[in-house]
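*Asks:* Here it is, the structure, as structure tokens.
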Amino acid sequence: MTSKEDDNIQSKQPLRSTAVTIYKDWVHSSVTVFGMVPKFEPFEANIITQTSTGFLFGCIPSNRTQSPQANQSSPTHFWHDISDFSIDLDKVIRSQFEKAFGKVQMILQLNQPVSELMKYLEMAKQKKSKSPKQERLLFEYYSYGTPQIENGDLHFCSNKGYEKVNIKEILNLAGKTSCFIFDCDNSGSLLPYIKEQDSDIYAFFSDSDGEFIPRSNGLPADLFTSCLMTPAQMALLWHSRHYFCFKNGPLTPLNTSFEVECMCDFKKIYENINTLLRHIVEAMAYKTMGHEKFMKIFRKDRVVSQIAINFVLAQRIFSFFEKKPISYPEIPDMTKNSLWNSFDMRMDAELFRVQRVPESLQIPFSVYLNHVLTTLDNAVVVSKPEITYFPELSFISSMLNEESLQARACTTLAKYLDKSPDCIRISLHFSVVPKLIQILNQGKVLACIFCIIKLFNYERSMWKHFENEKSNSPNLPLVPIVEWIKKTNPPTLPLILLTLLTKDSVTGGKKFVEMPWKEIIMPLFKHKHSDVRVWAMFLTANICKYLDDSQIDEIFEASKLNMDDDCELELKLASIHLCSEMSNGETSEIQLKILKYICQFISSSFYIIRCQVLSAISVFYSKIHKFGEENQNEVPNDENLLAFDELASQQLILLAIDQHPSVMSATKAVYNDIANKNDPKKPSKVFECFRYKLFDKIYRIIDSTDVKISTCNNDVIVKHVINDLKPVKEFKDFTLGPTFTHNQEITTNICINEFNNLVYFGDLNGELHIKPFKENRIVKTAKISPVQLDHVEVIQNNGFPVLFTSNSNGFIQSYLVRDTDLTLTSISDSDVTPGLKCRKIFNANDISGFMLSYSENASDKIQVYDLEQERVIRTISADGFVKHAAWCDTGSNLIGICCNNEEYFKIYDIRENKQIYNIKIPEFAYQYLTADYPNMKYSVASNFGKIYSVDLLGRDQVDSQFLVSGGQTTCSFSMQPCTRRYLLGHEKGVTLFDTQNKVNKTLTKFWNLIGSGTTIGPVTSSIYHPVENSMNMMSQRNIVVIYGNNKE
């Protein structure tokens, strides 16, 4: 709604059918045909690189034992003693490199002249320039015992001693997509040279500027490289010392040759440690870095990601020596992160396995994952909605990979993804999709399909990862999804997934048509579950462009079943959407047949149906006039085409004078395009709205076969007095809070929207005002009536609050409420008293969907309005002018009535249209409230300040009475359901009555706000806060906040 519309929602009486039905329906607030549907920022990184070539240039003194640091460091390099000349060090390094980084072509040069370095770099540069893919070069410089780096000069061994090469020359040859590792003293001094490059470069340095690598006889001399290339071994070695130093137990420190000395399954142990390290580091990194940096470092290049993970381990180990390895881009220091505690605990278990502790003390990695999964599940269930990240989520891919945990992991992941779209985006950081597809193919876990729907609906481009266009045999999981449809009842989830696949993947749509699709889909058009029928039509709409006319005609006839008058609005929208997609028919005969059918719904009372019809007409018109083709805009010469063109033109004329602005403006746009010979096609956004609905909290559809997607997020709001009272202390007194004074007469009651605690009221000028419950300011004003407003009321409407208003001309209007925004809906004048201008009061039932309306003290008629059917279904005669009428409870068909100047409280059953109770009250009945609806207990206020308790199930129906206001004339009556404290407004002020403690307190003067001793005057309306001990009362032009105080 525009700001102009906000200020003046209407200048005359509202037209009927200005919006769709409001009762228990998500369509009116979420579905649009021509508007914008929310979208999420694409998740994937723009450029993905692949490291294809790796260089390791090492400089170690030729005698392998003598160096300036020989007395400080061990002779162990690359986990081998280099003093042993029988060791083939080249072979050892290549093996470690391959295990660390996979199939990366490695060029290893130890103690080679600079000329060799330049030659290989030049060759790599030429190879990269010829490659169609973005390839990255990995370059490691490892120096042990060489002169310190100065001015960017690196030192290499040669026959003449040491040769120098400046880092700038290497950067130039390595290219703009490179990854560097510098393992030497003072390597951090090279960082400024890296930052100068306008390129996609990563760099990892063993120490900061001016620092030296830590050296110890018990650790490898190449400590930094060992962390980066063999992190599992390094973690075990380091942890054995850490464990021995700080804990008591049977384990002993390992040495650098522990692989030879310990006989165990190191392959499995290393696999567990590497997996553990990856999950822990990524959990810390995502929380620390955020999306963009995390994706750049950990998801852009597989080799870079592995180096970055191992680098974080190096940071932690080096921190014990007070050294700080650095990187570019900068990886934050995570050495103090509490998740390292979890890492250490699991390392204890792996260390037990290395030292062959008895099997009973060994804990399999699957058991550890099970504990992590339990923690994650508990966190998801009990956490607040705004909490969207849990570090245990980084383990989800391993949990899904463990067969014994797959079902639980899918269920927990489904609950997590259901929390919010933010959770979906976060989970995409942790490589869950490939594992889920594997589980889908196994056909065992339904929650797996739920997860894939959430993920692929968010990131639609992911289907391309499963297409293999070269072989024309896509790896799309069509067959397992179809099998799920066959064996699941209702098949809602697999059907949705198949719909998304055929919508987002052209290959998927074509391949599905090659399957026996009619046997799979056509029976679902008659399924008892409406969601199944809706998504079956959406799926069919995706493949219409691949079908011939005979198949389209068969689909068209089947779709008619979902356009009957008693069909839900969702089914009608999906059916017309399907008809629109049939515009690609091969002959004009089938096109004309479909259009004639669609045009029958141009007079629908739902504006969104009329918009959908307009969209279909524009699509067919575009097709018939061949827009986008060489012979577009030629005059049709086929009889069917001429009839088609005439029919479309007639319908556009009708739509151009539609009462709803959305229909009218969209039709005008179609006309303008036709006049300017532009393509008038206006595709519907209905399907996009339905798929956006999948981001709601819809987890209940996994467990329940009856629940609908459109309603499973909206818990039924039972608006009644709570039977189990909230105990309260004895009431002491009032404290006056902020006072709002209006600039003219307030002519309505005040009411509250319990979703946001906003208060609504209207005035003499027909303006609606909105104020916060505890504040004295107006946050929104809207002119909604040409005459004064008389009554306001808000119903919660299952999560879509609706505001009803009436004016002095007897018109009732309704508005969809979003915060302070108001949208006019379809309820309008219900003509309780035709031709009689009077104060019209109403009471809507939030559960049954009925609304009572009556003319206060002017008529004996009460009309019952059906909010779903949008019509009056019954008129009740109360045998006296109605003073007050309301529903006895939220779900029944009973209404309570108090008539003017009558000493009776009456209850009617609207189903039989007859009076079933007539309880005599000692005084004239003013108004009643439901105190305890399951036990049929009510409270009736009299005209002169008494409250009578009515128990319809008791021996004495009027079982007690309380003199509350000392005989003052009653002006208003309200209650707080959870405490059953009443507010009775009267001529001189307001009285609070506490039924639990049998205490009443009266407030008649403002002592400290408006003027000392000023009389309040008649309190014509009052409301309690839903749960707090505070109130709003209205007297003349004032709305005052009152705080209740209990005795200590």
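Using our numbering, read the sequence shown as starting at 323 and increasing by one per residue. Just so you know, even glycine gets a beta-carbon here, dropped at the ideal spot from N, CA and C. The model shown is predicted, which means the values in this text are computed figures rather than measured ones.
Count Cβ pairs between the stretch 1290-1309 and the stretch 1341-1361 that sit closer than 8 Å; are there 3 or more?
*Replies:* Yes, the stretch 1290-1309 touches the stretch 1341-1361.
*Asks:* Could you spell out the range, first to last residue, of the beta strand (DSSP E) harbouring Y1260?
*Replies:* For the purposes of this step, residue 1260 is taken as the residue at position 938 of the sequence shown. Note, Y1260: beta strand (DSSP E), 1259-1264.
*Asks:* Go to I1294, then tell me how far its beta strand (DSSP E) extends in each direction, as first and last residue.
*Replies:* In the sequence shown, the residue the question calls residue 1294 occupies position 972. According to the sequence displayed, residue 1294 carries Ser and not Ile. It spans 1292-1298 - the beta strand (DSSP E) in which S1294 sits, taken as one unbroken run.
*Asks:* Given a cut-off of 8 Å, decide if I771 and P799 are closer than it, judged by their beta-carbon atoms.
*Replies:* Counting from 1 along the sequence shown, the entry for residue 799 is found at position 477. Counting from 1 along the sequence shown, the entry for residue 771 is found at position 449. Cβ atoms of P799 and I771: not closer than 8 Å.
*Asks:* Tell me the DSSP secondary structure of C1221 in three-state form.
*Replies:* Here residue 1221 refers to the residue found at position 899 when the sequence shown is read from its first residue. Reduced to three states, the DSSP call for C1221 is strand.
*Asks:* With H, G and I counted as helix, E and B as strand and the rest as coil, what does DSSP make of Y1255?
*Replies:* Here residue 1255 corresponds to residue number 933 of the sequence shown, with the count starting at 1. Of the three classes helix, strand and coil, the one that applies to Y1255 here is helix, per DSSP.
*Asks:* Can you say whether Q764 is buried or exposed, counting buried as having 16 or more other CB atoms within 10 angstroms of its CB?
*Replies:* On the sequence shown, position 442 is the one that residue 764 refers to. So Q764 ends up on the exposed side.
*Asks:* In angstroms, rounded to a whole number, what distance separates the CA positions of P390 and A525?
*Replies:* Position 68 of the sequence shown holds residue 390. Position 203 of the sequence shown holds residue 525. The predicted position of P390 is uncertain, since its pLDDT is 43 and thus under 50; a value taken from the coordinates is nonetheless stated next. The alpha-carbon atoms of P390 and A525 are separated by roughly 27 Å.
*Asks:* When DSSP labels each residue in this structure, what does R1233 get in the three-state scheme?
*Replies:* Residue numbering aside, residue 1233 sits at position 911 when the sequence shown is read from its first letter. If DSSP states are grouped into helix, strand and coil, R1233 belongs with coil.
*Asks:* What are the boundary residues of the beta strand (DSSP E) that includes K1051?
*Replies:* Taking the sequence shown and counting its residues from 1, the one referred to as residue 1051 is at position 729. Segment: none, K1051 is in no beta strand (DSSP E) and carries neither H nor E.
*Asks:* Can you pull the DSSP bridge partners for T734?
*Replies:* Looking up residue 734 in the sequence shown gives position 412. Answer is none; T734 lacks a bridge partner.
*Asks:* Which residue's Cα is closest to the Cα of K482: M885, P435, C1221, E462?
*Replies:* If you number the sequence shown from 1, residue 482 lands on position 160. The residue with the shortest Cα to Cα distance from K482 is P435.
*Asks:* With a threshold of 8 Å on Cβ separation, who are the neighbours of N596 within its own chain once the five nearest residues in sequence on each side are excluded?
*Replies:* The count along the sequence shown starts at 1 and reaches residue 596 at position 274. The answer, listed in chain order, is P553, A554.
*Asks:* Kindly indicate the opening and closing residues of the beta strand (DSSP E) around K1162.
*Replies:* Counted from its first residue, the sequence shown places residue 1162 at position 840. Run containing K1162: 1162-1166, per the beta strand (DSSP E) assignment.
*Asks:* Just the Cα atoms here: how many angstroms apart are N594 and F687?
*Replies:* Here residue 594 refers to the residue found at position 272 of the sequence shown. Here residue 687 refers to the residue found at position 365 of the sequence shown. Between N594 and F687, the C-alpha separation is close to 7 Å.
*Asks:* Give every residue of the same chain whose Cβ lies closer than 6 Å to the Cβ of F1295, excluding the five residues on either side of it in the sequence, and list them in chain order.
*Replies:* Along the sequence shown, read from residue 1 onward, the residue named residue 1295 stands at position 973. Same-chain partners within the cutoff: Q1249, A1263, L1306.
*Asks:* Could you tell me which residues DSSP puts in a beta bridge with S1136?
*Replies:* Residue 1136 sits at position 814 when you count from the first residue of the sequence shown. DSSP lists F1126 as partners of S1136.
*Asks:* I need the straight-line Cα distance from N1360 to N1071, nearest angstrom please.
*Replies:* The sequence position of residue 1360 within the sequence shown is 1038, counting from 1. The sequence position of residue 1071 within the sequence shown is 749, counting from 1. Computed Cα separation, rounded: 12 Å.
*Asks:* With DSSP as the reference, label H1091 as helix, strand or coil.
*Replies:* Indexing the sequence shown from 1 puts residue 1091 at position 769. Three-state result, H1091: strand.
*Asks:* I'd like the list of long-range same chain contacts for D1231, defined as Cβ closer than 7 Å, with 5 residues on each side in sequence excluded.
*Replies:* Counting from one through the sequence shown, the residue named residue 1231 turns up at place 909. The residues are N1215, L1216, I1238.
*Asks:* From what residue to what residue does the alpha helix (DSSP H) around D967 run?
*Replies:* Looking up residue 967 in the sequence shown gives position 645. Run containing D967: 961-978, per the alpha helix (DSSP H) assignment.
*Asks:* Quick check: the Cα distance between V626 and C501, rounded to an integer number of angstroms?
*Replies:* Residue 626 sits at position 304 when you count from the first residue of the sequence shown. Residue 501 sits at position 179 when you count from the first residue of the sequence shown. If I take the Cα positions, the gap works out to 7 Å.
*Asks:* Counting pairs of beta carbons, one from the stretch 443-460 and one from the stretch 369-376, are three or more of them closer than 8 Å?
*Replies:* Cβ pair count under 8 Å is three or more, so yes.
*Asks:* Which partner residues does W1209 have in the DSSP bridge list?
*Replies:* To locate residue 1209, count along the sequence shown from 1; it is residue 887. I1217.
*Asks:* By the three-class DSSP mapping on this structure, what secondary structure does Q335 have?
*Replies:* Taking the first residue of the sequence shown as position 1, residue 335 is located at position 13. Summary for Q335: the model assigns pLDDT 31, below 50, so the residue's position carries little reliability; its value from the coordinates is reported in the next sentence. Three-state result, Q335: coil.
*Asks:* Give me the Cα-Cα distance between F778 and L900, rounded to the nearest whole angstrom.
*Replies:* For this step, residue 778 is matched to residue 456 along the sequence shown. For this step, residue 900 is matched to residue 578 along the sequence shown. Cα-Cα distance, rounded: 23 Å.
*Asks:* Just to confirm the assignment: which complete alpha helix (DSSP H) runs, minimum length 4, are found wholly within the stretch 810-855?
*Replies:* Complete alpha helix (DSSP H) runs here, min 4: 814-826, 828-835, 839-843.
*Asks:* Helix, strand or coil for Q764, going by three-state DSSP, please let me know.
*Replies:* Position 442 of the sequence shown, counted from the start, is the residue given in the question as residue 764. Helix.
*Asks:* I need the DSSP call for Q1249, collapsed to helix, strand or coil.
*Replies:* The residue given as residue 1249 occupies position 927 in the sequence shown. Of the three classes helix, strand and coil, the one that applies to Q1249 here is strand, per DSSP.
*Asks:* For my contact list, S927 and E1192 are in at a C-beta cut-off of 8 Å; report their separation, rounded to the angstrom.
*Replies:* Position 605 of the sequence shown, counting from 1, holds the residue named residue 927. Position 870 of the sequence shown, counting from 1, holds the residue named residue 1192. About 7 Å separates the two Cβ atoms, so the contact holds.
*Asks:* Beta-carbon within less than 7 Å of V634's beta-carbon, same chain only, minus the 5 sequence neighbours each way: which residues are those?
*Replies:* Counting from 1 along the sequence shown, the entry for residue 634 is found at position 312. Result list for V634: V603, I653, M656, in chain order.
*Asks:* Roughly how many whole angstroms lie between the Cα atoms of M669 and P542?
*Replies:* Indexing the sequence shown from 1 puts residue 669 at position 347. Indexing the sequence shown from 1 puts residue 542 at position 220. In a straight line, the C-alpha of M669 is about 20 Å away from that of P542.
*Asks:* In its own chain, which residues sit with a C-beta less than 6 Å from the C-beta of L598, not counting the 5 before and 5 after it?
*Replies:* Here residue 598 is taken as the residue at index 276 of the sequence shown, counted from 1. Only R668 meet the Cβ criterion.
*Asks:* By Cβ distance below 7 Å, which residues in the same chain neighbour D826 in space, the five residues on each side in sequence not counted?
*Replies:* The residue you call residue 826 lines up with position 504 of the sequence shown. Only R782, W785 meet the Cβ criterion.
*Asks:* Pick helix, strand or coil for E457, following the three-state DSSP scheme.
*Replies:* The residue labelled residue 457 in the question sits at position 135 within the sequence shown. Here E457 sits in strand by DSSP.
*Asks:* Which one of E1076, I1031, S1107, M551 has the shortest CA to CA distance from D1141?
*Replies:* Indexing the sequence shown from 1 puts residue 1141 at position 819. Here the closest residue by C-alpha is E1076.
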